[in-house]
Amino acid sequence: MSDHNIKCEDRNSIVINFSEIYKLINRINKKFEKLQRRIIQKENLTTAQYSILQQLWKNDSVQFKTLADACCCSQSTITGIVDTMEKKDIVVRKMNPEDRRSVLVILTDKGKKLEKETPNINTILDDCCSGFEPNDIEDLTKLLKKLDSSFKVTESDSC
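For the sequence shown, numbering that gives the first Met the number 0 begins at 0 and goes up steadily by one.
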């Protein structure tokens with residue numbers, strides 16, 4: 000059904016449903032962040048630093064742009080976070096040998112060691128989601144990605 004065929008009362012219902020969905024996503028996000036903070040505070044890390052580490056634990060070196068996209072923030076924000084992580088000797092910056100215009104963020108030995116010392120948040124999340132069937136999580140992920148994509152389109156539209 001296209002937007003043009005939706006009746007006014009249907010649009011109001013959709014807005015109310017999206018409002019409820021937003022509240023639920025926001026509440027889940029706050030609970031997740033609280034859990035994440037509790038886990039990483041022992042290592043004196045922020046949630047932003049932990050998010051960067053999660054990306055670097057998958058690949059030892061990552062471009063700033065890739066980190067910014069993965070962490071849903073600007074490259075300048077990533078720069079500030081990486082500055083702090085460099086001071087803690089968790090990461091270093093190196094010129095990208097494949098593209099001299101870009102800089103890579105690379106894990107140090109201390110950063111690699113943190114992966115072993117920090118409880119795996121995914122294991123804890125698995126426990127939280129133990130009541131779900133795998134296909135439930137897959138379906139939810141597909142729906143949330145679809146919702147996310149629709150907002151990207153809306154952002155570029157002029158009202």
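Note that beta-carbon positions come from the ideal geometry of N, C-alpha and C, so glycine has one too. Since the structure is predicted, the reported quantities are computational estimates derived from the model, not experimental observations.
Shortest alpha-carbon distance to residue i belongs to which of the options?
i	options	result
residue 64	100, 113 and 56	100
residue 119	106, 105, 37 and 28	37
residue 41	117, 58 and 139	117
residue 124	16, 28, 74 and 66	28
Hey, residue i and residue j: beta-carbon distance below 7 Å or not?
i	j	result
residue 97	residue 56	no
residue 103	residue 111	no
residue 32	residue 46	yes
residue 61	residue 53	no
Can you find the residues in the same chain that come closer than 7 Å, C-beta to C-beta, to residue i, ignoring five residues on each side of it along the sequence?
i	result
residue 49	35 and 39
residue 109	88 and 89
residue 105	59, 60, 90, 91 and 93
Under a three-way DSSP split, which group does residue i fall into?
i	result
residue 58	coil
residue 44	coil
residue 125	helix
residue 140	helix
residue 95	strand
residue 50	helix
residue 105	strand
residue 149	helix
Taking only beta-carbon atoms, is residue i less than 7 Å away from chain D?
i	result
residue 76	Judged by its chain identifiers, the structure shown contains no chain D, having just a single protein chain.
Near residue i, which residues of its chain fall below 8 Å by C-beta distance, leaving aside the five closest residues on each side in sequence?
i	result
residue 82	none
residue 128	136
residue 20	146
Hey, residue i and residue j are a contact pair by Cβ (cut 8 Å); roughly how many whole angstroms apart?
i	j	result
residue 76	residue 91	Not really, about 19 Å apart at Cβ, beyond 8 Å.
residue 51	residue 80	6 Å
Might you give, ordered along the chain, the residues of its own chain that have their beta carbon closer than 6 Å to the beta carbon of residue i, omitting 5 neighbours on each side?
i	result
residue 137	none
residue 143	none
residue 95	101 and 103
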